[in-house]
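J.:
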Amino acid sequence: MSKPKTDTRAGTSGKIVPFERAGDLFAELRGKGVRIVHCHGTFDLIHPGHIVHLEEAKALGDILVVTVTDARHVNKGPGRPCFNDELRSRTLAALACVDYVVLIPHAAAVEAIRLVQPSIYCKGTEYEDAANDVTGNIHDDVAEVQAHGGEIRYIGSVVFSSTAILNRHFDHIPDTVKSFCRDLASRVDIREFRRMVDSLQDLRVLVLGDTIIDQYAYLQVQGLTSKNRMISGRYLHQDTHLGGALAVVRHVKEFCPNVRFVSLLGTEPWVEELMGGAIAPAEDATIRDPKFTTVVKKRYVEPVQQGHEISKLFSINYIDNAPPSRETRRRLLDSIRAELKACDLVLLADFGHGLMQEEIRDLVQNEAPFLMLNCQTNSNNHGFNIITRQYRRADAFSLDLQEIMLSCGRRQLDGEKELAAIAEHFGSKYAWLTRGNVMTIGHSPGTPPVYIPPLVNDVTDTVGAGDAFFSLAGLAAVRGLPLDVATFLGQLAGAQAVYIVGNERPISRGVLLKTAMSLLNF
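Residue numbers (my numbering): 3 to 524.
1) Quick one: Cα of C124 to Cα of R37, how far?
2) Name the two residues that bound the continuous alpha helix (DSSP H) containing E329.
3) Measure the alpha-carbon distance for H52 versus V161 and round it to whole angstroms.
4) Find out if the Cβ-Cβ distance for the pair I140, Y156 is shorter than 8 Å.
5) Could you pull the start and end residues of the alpha helix (DSSP H) that Q404 belongs to?
6) For L221, count neighbouring Cβ atoms within 10 angstroms of its own Cβ and tell me buried if that reaches 16, exposed if not.
7) Determine whether the beta carbon atoms of V297 and D397 lie at a separation below 8 Å.
8) In three-state DSSP terms, what is P50?
9) The alpha helix (DSSP H) spanning E113 covers which residue range?
10) Pull up the CB-CB distance for A287 and S337, whole angstroms please, since I reckon it's below 8 Å.
11) On the DSSP letters alone, give me the boundaries of the beta strand (DSSP E) that D216 sits inside.
12) Given a cut-off of 8 Å on the beta-carbon distance, is the pair R236 and Q217 in contact?
13) When the distance is taken between beta carbons, is D469 closer than 8 Å to A249?
14) Which residues in the same chain as K293 place their Cβ atom closer than 7 Å to its Cβ, once the five residues preceding and following it in sequence are excluded?
15) What are the start and end residues of the beta strand (DSSP E) that includes I157?
16) Which residues bound the beta strand (DSSP E) around G16?
17) Using three-state DSSP, classify S4 as helix, strand or coil.
18) Report, in whole angstroms, the separation of the C-beta atoms of R252 and F524, which I expect to be a contact under 8 Å.
19) Can L522 and A133 be called in contact, C-beta distance under 8 Å?
20) Tell me the DSSP bridge mates of F316?
21) Please report the distance separating the alpha-carbon of G504 from that of L97.
22) Within 8 Å of any Cβ in chain C, is that where the Cβ of L105 sits?
23) Roughly how many angstroms lie between the CA atoms of R206 and L373, to the nearest whole one?
24) Helix, strand or coil for C345, going by three-state DSSP, please let me know.
25) Over what stretch of residues does the beta strand (DSSP E) that includes F263 continue unbroken?
26) Work out the CA separation of V19 and Q240 for me, nearest whole Å.
27) Quick one: grab the DSSP three-state call for S446.
28) Under 6 Å Cβ to Cβ from D452, same chain only, skipping five residues before and after it: list those, please.
29) Nearest CA to the CA of L89: which residue from T44, A110 and K60?
30) Closer than 8 Å by C-beta to E361: which residues in its own chain qualify, once you throw out the five before and the five after it? Chain order, please.
31) Give the straight-line distance between the Cα atoms of M519 and G512, rounded to the nearest whole angstrom.
32) Is L435 helix, strand or coil by DSSP?
33) Within 10 angstroms of the Cβ of L350, are there 16 or more other Cβ atoms? Answer buried if so, exposed if not.
34) Give me the Cα-Cα distance between V254 and A497, rounded to the nearest whole angstrom.
35) Would you report the Cα separation of F353 and L494, rounded to the nearest angstrom?
36) Which same chain residues end up closer than 7 Å to R116 when comparing Cβ atoms and leaving out the 5 residues on each side of it in sequence?
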């Protein structure tokens, strides 16, 4: 049959089809017997490898449809995509071999495949080995193609990397980030880095600490009330997240499945309903006490605006400051003692909300096979939960700037020097000072300190970023990974977390690996 002609009346824009209309268009073409070939990707920088790949794809059918991941869903690290949605779409549409371009508002290719339902779906030859797909999505892609009667072809006689070209010749990431990543890549290639991440899978992890329910109540601020100097806001809606030590559990489960959890909860039915969706009964060694009030932190915020940090107005904390009863502490000790016998690592997230009483701290410090510690300072415990006063042992730990200032009793300090002093006090193998939008410092005895700049500067919400860093750094520490790799892993986790509102979802292993592969590709 003759090949259909693409509408070029409006130049390249005639090839660009809105997502909402594309399904009907492709259904009509399939109904006419048109053989559709489909390619999908970011296409951030079109290079000769892309052009050859697209020409080879076009030769397999009647028309070539190229779908492009929109900027909001590109997971290739800071500064990506370099080119906006319009420019990437127009560049592809300008190629003679491309018949249609569709911008896809989803992170994975499966939605694009479902939209196009191609006769042939083309991927690069590197994807013939599914292990090369760090997201693990290739299996879903193949299944979706076959579900609609299509087949997958692996093509590409000329191979280049957009990411490598961008990293070498463009300024989409700060020089400090590029310098660190180039140096790390010279010693740890992408395959070795992935092998290190894969090595975390068989760890047996016990997460211990305070559970916090994070609530975000969204308001439309209406201004000051007429009779008082008080902010007035119209309530919009509320989201509830599982935070505190339970956020650590959710992060860790993305990297190793064998996780156990010990905490203290009340018996509120709505809390149990939330717990059931996040942690399996076989993983849950938490103690419930009807006299204990589950910790809730409710933040009143304005709706998130694209590209801006969420605006928090004020917070209300529901916290029982009385310590757990003697019977509850006994039950906690029994539960923790049993769990310590079957773990490789304890991730202790002490938020200072009553769980970590002295006898519990002593048990963990005496019997943990490897202890990764975070002793947090917050508005409820300020000055009462200082790491060097509460603990005498930590094989690894992470602190933020306020926590280390309280520990050493000084505002002006040498971060690396104080970090090393605390590490020596504890006998720690690893220590980290996280400082948000300033360099993170990593310390390990006998190893030069590691300094990593923030990987991202555009932040949605900082809540939970330190917990994400703590989670990944702790896994790396017990596995004995090099200090620079362990610090980079933690920094990658934190960089992903600042794009997540609160603890709405855990960090993604696939996104972390894609970001790392992008940053280490030179």
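Note that CB positions come from ideal geometry on N, CA and C, so glycine has one too.
T.: To lay it out plainly:
1) 13 Å
2) R328 to L342
3) 8 Å
4) no
5) L403 to C410
6) buried
7) no
8) helix
9) V112 to V118
10) 5 Å
11) T213 to L226
12) no
13) yes
14) S327
15) E153 to I157
16) Per DSSP, G16 belongs to no beta strand (DSSP E) and is neither H nor E.
17) Confidence in S4 is poor, its pLDDT being 47 and thus under 50, which makes the residue's placement unreliable; the coordinate value appears in the next sentence. S4: coil per DSSP, three-state reduction.
18) The Cβ separation is near 33 Å, so there is no contact.
19) no
20) Y302
21) 43 Å
22) Among the chains of the structure shown, chain C does not appear; only one protein chain is present.
23) 13 Å
24) coil
25) V261 to V264
26) 36 Å
27) strand
28) Asp is not the amino acid found at residue 452; the sequence shown has Val there. Here the set comprises G444, L485, D486 and T489.
29) T44
30) R331 and L335
31) 11 Å
32) strand
33) buried
34) 16 Å
35) 23 Å
36) E146
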